[in-house]
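To start, the structure under review is shown below, and the notes come after it.
Number of protein chains: 2
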Amino acid sequence: MIFFFYPEMSLRDWANGVLSWYDLTVNGQNFVDGVEVIGLLNFVYYNPTKVYFGTGVNSQVGEVVGGEFKKVLLLYGSGSAKSSGVYDDVVKSLRASGVDFRECAGVKPNPVLSKIEEAISIIRRDGLEAIVAIGGGSVIDSAKGISAGACYDGDVWDFYKRTAKIARVMPFFAVATLSATASEMNCTSVVTNESLGVKTGLTDNALFPRVTFLDPSVQFSVPAKQIADGGIDAICHVMETYFDGTSGVDVQMEYAEGLVRSLMTLIPDAIRNPRDYDVRAQLAWASANALNGTTWAGHAGKGDFASHAMGHTLSAKYDTVHGESLAIMMPAWMEYVCAGNEHAFARFARRVLGVTSPVDGKASREGIAGMRKFFESLGAPARLRDIGVPAADLPELADSTAFAPIGVLRKLGRDDILAIYRAAF
Amino acid sequence: MIFFFYPEMSLRDWANGVLSWYDLTVNGQNFVDGVEVIGLLNFVYYNPTKVYFGTGVNSQVGEVVGGEFKKVLLLYGSGSAKSSGVYDDVVKSLRASGVDFRECAGVKPNPVLSKIEEAISIIRRDGLEAIVAIGGGSVIDSAKGISAGACYDGDVWDFYKRTAKIARVMPFFAVATLSATASEMNCTSVVTNESLGVKTGLTDNALFPRVTFLDPSVQFSVPAKQIADGGIDAICHVMETYFDGTSGVDVQMEYAEGLVRSLMTLIPDAIRNPRDYDVRAQLAWASANALNGTTWAGHAGKGDFASHAMGHTLSAKYDTVHGESLAIMMPAWMEYVCAGNEHAFARFARRVLGVTSPVDGKASREGIAGMRKFFESLGAPARLRDIGVPAADLPELADSTAFAPIGVLRKLGRDDILAIYRAAF
Numbered sequence: 011m012i013f014f015f016y017p018e019m020s021l022r023d024w025a026n027g028v029l030s031w032y033d034l035t036v037n038g039q040n041f042v043d044g045v046e047v048i049g050l051l052n053f054v055y056y057n058p059t060k061v062y063f064g065t066g067v068n069s070q071v072g073e074v075v076g077g078e079f080k081k082v083l084l085l086y087g088s089g090s091a092k093s094s095g096v097y098d099d100v101v102k103s104l105r106a107s108g109v110d111f112r113e114c115a116g117v118k119p120n121p122v123l124s125k126i127e128e129a130i131s132i133i134r135r136d137g138l139e140a141i142v143a144i145g146g147g148s149v150i151d152s153a154k155g156i157s158a159g160a161c162y163d164g165d166v167w168d169f170y171k172r173t174a175k176i177a178r179v180m181p182f183f184a185v186a187t188l189s190a191t192a193s194e195m196n197c198t199s200v201v202t203n204e205s206l207g208v209k210t211g212l213t214d215n216a217l218f219p220r221v222t223f224l225d226p227s228v229q230f231s232v233p234a235k236q237i238a239d240g241g242i243d244a245i246c247h248v249m250e251t252y253f254d255g256t257s258g259v260d261v262q263m264e265y266a267e268g269l270v271r272s273l274m275t276l277i278p279d280a281i282r283n284p285r286d287y288d289v290r291a292q293l294a295w296a297s298a299n300a301l302n303g304t305t306w307a308g309h310a311g312k313g314d315f316a317s318h319a320m321g322h323t324l325s326a327k328y329d330t331v332h333g334e335s336l337a338i339m340m341p342a343w344m345e346y347v348c349a350g351n352e353h354a355f356a357r358f359a360r361r362v363l364g365v366t367s368p369v370d371g372k373a374s375r376e377g378i379a380g381m382r383k384f385f386e387s388l389g390a391p392a393r394l395r396d397i398g399v400p401a402a403d404l405p406e407l408a409d410s411t412a413f414a415p416i417g418v419l420r421k422l423g424r425d426d427i428l429a430i431y432r433a434a435f
Numbered sequence: 011m012i013f014f015f016y017p018e019m020s021l022r023d024w025a026n027g028v029l030s031w032y033d034l035t036v037n038g039q040n041f042v043d044g045v046e047v048i049g050l051l052n053f054v055y056y057n058p059t060k061v062y063f064g065t066g067v068n069s070q071v072g073e074v075v076g077g078e079f080k081k082v083l084l085l086y087g088s089g090s091a092k093s094s095g096v097y098d099d100v101v102k103s104l105r106a107s108g109v110d111f112r113e114c115a116g117v118k119p120n121p122v123l124s125k126i127e128e129a130i131s132i133i134r135r136d137g138l139e140a141i142v143a144i145g146g147g148s149v150i151d152s153a154k155g156i157s158a159g160a161c162y163d164g165d166v167w168d169f170y171k172r173t174a175k176i177a178r179v180m181p182f183f184a185v186a187t188l189s190a191t192a193s194e195m196n197c198t199s200v201v202t203n204e205s206l207g208v209k210t211g212l213t214d215n216a217l218f219p220r221v222t223f224l225d226p227s228v229q230f231s232v233p234a235k236q237i238a239d240g241g242i243d244a245i246c247h248v249m250e251t252y253f254d255g256t257s258g259v260d261v262q263m264e265y266a267e268g269l270v271r272s273l274m275t276l277i278p279d280a281i282r283n284p285r286d287y288d289v290r291a292q293l294a295w296a297s298a299n300a301l302n303g304t305t306w307a308g309h310a311g312k313g314d315f316a317s318h319a320m321g322h323t324l325s326a327k328y329d330t331v332h333g334e335s336l337a338i339m340m341p342a343w344m345e346y347v348c349a350g351n352e353h354a355f356a357r358f359a360r361r362v363l364g365v366t367s368p369v370d371g372k373a374s375r376e377g378i379a380g381m382r383k384f385f386e387s388l389g390a391p392a393r394l395r396d397i398g399v400p401a402a403d404l405p406e407l408a409d410s411t412a413f414a415p416i417g418v419l420r421k422l423g424r425d426d427i428l429a430i431y432r433a434a435f
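Residue numbers (my numbering), protein chains in the order written: chain A, 11 to 435; chain B, 11 to 435.
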C-alpha cells in the first residue's frame, strides 16, 4: 500500500488531504515553500456547514433532512453507530418525519473505494435524493466520495486522481460519533482504492456536509486509547499550521495557542472522566475547530505537514495508529527544523507549555521536550523502536516519504527525512 | 427617535441586532437570564459567507458575481466608496466580466428605510438579479434589507417588526470598506424607519452575504478617530459575550481573550501606522471574527448587551458616536456587576491585561481600571460629563433604557441602570 501523490495534488492533499479550499497567494504571488512570510496571506475563507451541537440534537435529524428530502441513503460503519444507540435515534427520527431510507453499512476505519461504489449503485437503483452518514472520519469521508460520485456518470476515482472536476454533488448530512479528524466540518475525503493499492485525499469546496449533528454525549463510550489518538491528531493539525514559517499573524497564533492549551487540558480530563459532558463537549468543538479552516485563515495557509507525511509512511507499512505515528514524528521533526526557527518554537513553548526561559534556544528545547512528555503521558509511544520498527527499515521509510517534496518551514530531502527517522528511532 | 423593542424580538436584537442565528437551549431547556451556566450550551453554528480576503481581491468582484448574474444593483454611500477608489475598481471589474449594473447611492451612516425602499423599486423596475454593496456596516446592513424586500410583495418593514418571516432573498455581495460592525460576516441588519422614528434590528440566517470581498488596504485612509471607534466596538462585542455568566467553556474563553489581546495591540498600531498592511489586515480579520459567530458558539450564547443597550440610549438622545458610548458605559457596567462575579473579571484582567494580583477582588478592579485607561488612550471619553450629558438627564436616560429588561450576567432594573449612569457621569 502506498499513499499516492497524483499530479496536481498539493502537498497538503497528499499529507492529510486537507484544506485546499484556501487559495493561497501573497499579494498576488504564489506562496513560496520554505520562505518566511510576514503578515496575513491572501486567502479565501469558506465553511458553509451548519452544525447542530449539543445533547439530543440527533433527534432533529429527521426534521432537518425531511424538510428537503424524502428518500435517503443511511451510511454507517460496523460497530459504534449501533452500539452507541445513535443508529436507533436517527432511524426513529427519520421515521417520525416520514423520511424513507435504504442502508449501506460496513464502512471500514480506513475507508475503501469499493464501499463508495456500492453506495452509489444503491442510490441509483433506488432513486435516493441525499445521504445521511453516521460515524467518524471514515464514514464522513466516504459520504463525500459518494456525494460526488452519485452525480457523475464516470468513475468516482476520476475525482481522486484529478482527471475530472466535481460539477454537482448530492447533498449529505453527517451525524458525528467521534471527534478527531474534523471531517464533520471540512471538505476533505481520504479514501483507499484497494485494487490499485493507493490511498489518497480529495479536497473540494463542494464536499462540506450540508448539516452536521454533533452530540458530544454519544462519545461517552469512546475508549481512552481512541480519545488520546484523536486528541493528538487534533493538536498536530493546529501545530502544523502554526509552525510553517509565517510570522506577524498574532491574531491567528493567539487562536492556535488557545486551542492547543485547551486540548492539552481536555484530552486527559476526558480520559479520566469519560462521562463528563462539559469536557466531551469542549473537546468535540475544539477538535472540529482544529481543522475546519478557522486556524488557517491567512496564517501560513499551506501548513507544514511533514510530520503527517512521515507518519503516513509508518501507517502504510506497519499499520501504525495515526496518533501514535504523530506522537513520535512531531517532536523529532520539531527538533530537526528548530535551528533557525527558535523564535517560533520558543513562543509556543512559553505560551502553551509555560516555559519561562528568556533564551529562545533553551525555551524551544524545553518546549519540544514538553510536547514529547505530554504525548507520553497520554500513553503514546515516544520512539520508533517502541512500536517495533526495525532500525534496518529506516532508509526504506525515508525513500517512501521522499518521493514527493515535503516541508514548508524547512524543505526536507531524502537525507533530512532519514535523519529525522533516525532521531525518532 | 427611539430604539424600539418589537414583540418577539430578543434582547439581543434590540441591543445590537446580533446573532439570533444561535438557537439557545441548555440540555433542551431554554437558557435562563441571570443564571450561571456551566459548560457549553447547545447551539447551532452557521456562517456560509465566503470571504475573499487580501490585497487586490476587489478586482475579482466581476468574475465572481458574473459567474451567476448579469444585471445587478450597485449600492453605496456618499463618500468613501468613491474617494478610496473602491468604486472604480469594482465598476471596472464588473464591466470586464460583462455584468450590467444600476446604481443606488447615498446610503447614510445610520441607514434609513426609505433608501432600502428606493433600491427595491430600482431592482423591480429594471429586473435586477443581485446586489453588490460597497461600504461599511450601514451599506451592508441596507443590502440585507433590500435582499429580503426585493423578493417580498409586502412592506419590507414587516420583517423588521416581525409580522412576516423571510421566505426568499435576493443574493447579495459585500465589498467591505470599513472594519467595525462585522456586518460583512454576519446576518444582522439595523435600520431606521424615519417616518415612525424607530430604529431596530433584524437577524435572519437568510441575510448572510453570499460573498464578502475584504481588502484591508482600502482602509489605509480610514481616520484615527474611526479606527478607535470601530475597534472599541469590536472589543466590546467580544467582552459582552465573554461576561455573561457562562463558565467552564475554556476553549471559547481562550479564543475571546486572544482576540481582545490582539485588538488591544492592533488598534493603536493602526492609528500610529495607518498604511501598515499587516496591521490593517489583522485588524480587519479580528473585527470580523469578533461578531461572526465564532466567539459565541456554545459560550453564553445570548451575551450580555447591557452596555450596548445603555450606549444606544445615549446615541439616540445625543447622537453620541457608538464607540464613545461604549467606552464610557462598558467600564461603568463592569464595576456595577462585578460583585459576585469577581472570578470572571479577575480571569479577564490577568489573561488580557497582565494583572498579577492573586486576589480576585483586587485583580478585577485593576482589570476594569485597565480597560478604562485603554479606551482613554485611544482618545475616547471616560465620563458622561465629558460628552456634555447634563446630570439632570440621567433619570430620563434610565427610563428610556429600562422599558425592556436588560442584563444577563446581572438583571438590571430601572434603579440599577440609573446607578450605572450616575457612576458613569
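For glycine and all other residues, C-beta sits at the position ideal for the given N, C-alpha and C.
What you are looking at is a predicted structure, and each value in this text was computed from that prediction instead of being measured.
Taking a contact as a CB-CB distance under 8 Å, the pair Val-259 of chain A and Gln-292 of chain B counts as one, their CB atoms being some 7 Å apart. Shortest Cα-Cα distance from Asp-254 of chain B to any of B:Thr-323, B:Gly-313, B:Thr-275 involves B:Gly-313. Ala-244 of chain B sits away from Ala-160 of chain B, with the two beta carbons spaced by 7 Å or more. Here Thr-173 of chain A is exposed. Its C-beta has fewer than 16 other C-beta atoms within 10 Å. Apart from sequence neighbours up to five positions away, the residues of its chain that approach Val-365 of chain B with a beta-carbon distance below 6 Å are Ala-359, Ala-373, Glu-376, Gly-377, ordered along the chain. Beta-bridge partners of Ile-48 of chain B (DSSP): B:Ser-257. Per the Cβ contact rule, the stretch 79 to 97 of chain B is not in contact with the stretch 48 to 56 of chain B (fewer than 3 Cβ pairs under 8 Å).
For the stretch 288 to 301 of chain A, the set of positions with a beta-carbon nearer than 7 Å to some beta-carbon of chain B reads Asp-288, Ala-291, Gln-292, Trp-295, Ala-296 in chain order. The stretch 61 to 109 of chain B contains, as complete beta strand (DSSP E) runs of 3+ residues, the segments 81 to 86 (chain order).
In the three-state scheme derived from DSSP, where H, G and I count as helix and E and B as strand, Gly-145 of chain B is classed as strand. Taking the C-beta atoms as reference points, Glu-194 of chain A is found nearer than 7 Å to Thr-222 of chain A.
Between Ile-132 of chain A and Cys-114 of chain A, the C-beta gap is smaller than 7 Å, which places the two residues in contact. Under a criterion of Cβ atoms nearer than 8 Å, no residue of chain B is adjacent to Val-185 of chain A; the nearest Cβ is some 15 Å distant.
Residues of chain B whose Cβ lies closer than 7 Å to the Cβ of Glu-194 of chain A do not exist, since the nearest Cβ in that chain is about 12 Å away. The shortest CA-to-CA distance from Ile-242 of chain A to any of A:Glu-127, A:Ala-390, A:Phe-355 is the one to A:Ala-390. As DSSP reads the structure, Lys-154 of chain B sits in no beta bridge. As summarised for the stretch 329 to 406 of chain A, the continuous alpha helix (DSSP H) elements at least 4 residues long and confined to that stretch are 332 to 347, 352 to 363, 370 to 387, given in chain order. In this structure, the alpha-carbon of Ile-156 of chain A lies about 13 Å from that of Tyr-86 of chain A. If you check the CB distance, Thr-330 of chain B and Ser-227 of chain B do not come in under 7 Å.
Any Cβ of chain A closer than 7 Å to the Cβ of Tyr-162 of chain B would place that residue at the interface, and such an atom is absent. Here the alpha carbon of Met-320 of chain A sits roughly 36 Å from the alpha carbon of Asp-163 of chain A. The stretch 218 to 248 of chain A contains, as complete beta strand (DSSP E) runs of 3+ residues, the segments 221 to 224 (chain order).
Per DSSP, Phe-435 of chain A is not a residue of any beta strand (DSSP E), being assigned neither H nor E.
In terms of beta-carbon proximity, Pro-58 of chain B lines the interface with chain A, with at least one pair separated by less than 7 Å.
Within chain A, no C-beta atom comes nearer than 9 Å to that of Glu-78 of chain B; the closest sits roughly 15 Å away.
By the C-beta criterion, the stretch 260 to 268 of chain B is judged to be in contact with the stretch 260 to 274 of chain A, since at least 3 inter-stretch pairs fall below 8 Å. Contact holds between the stretch 115 to 135 of chain A and the stretch 201 to 208 of chain A, because three or more Cβ pairs, one in each stretch, are under 8 Å apart. Annotation: Cβ neighbours of Arg-271 of chain A in chain B (cutoff 7 Å, chain order): Glu-264. Between Val-200 of chain A and chain B, the shortest Cβ-Cβ separation is not below 7 Å. Here DSSP, grouped into helix, strand and coil, assigns Lys-209 of chain B to strand.
Neighbours of Phe-355 of chain B in chain A, taken as residues at a C-beta separation under 8 Å, are lacking, since the least C-beta distance is about 19 Å. Runs of the alpha helix (DSSP H) lying entirely within the stretch 262 to 318 of chain B and spanning at least 4 residues, in chain order: 287 to 299. Rounded to whole angstroms, the separation of the alpha carbons of Gly-146 of chain B and Pro-405 of chain B is 34 Å. Secondary structure of Ser-199 of chain A (DSSP, three-state): strand. If you compare the alpha carbons of A:Asp-225, A:Pro-181, A:Cys-197 with that of Leu-212 of chain A, the shortest gap goes to A:Cys-197.
Looking at the DSSP output, Leu-422 of chain A bridges to A:Ile-416.
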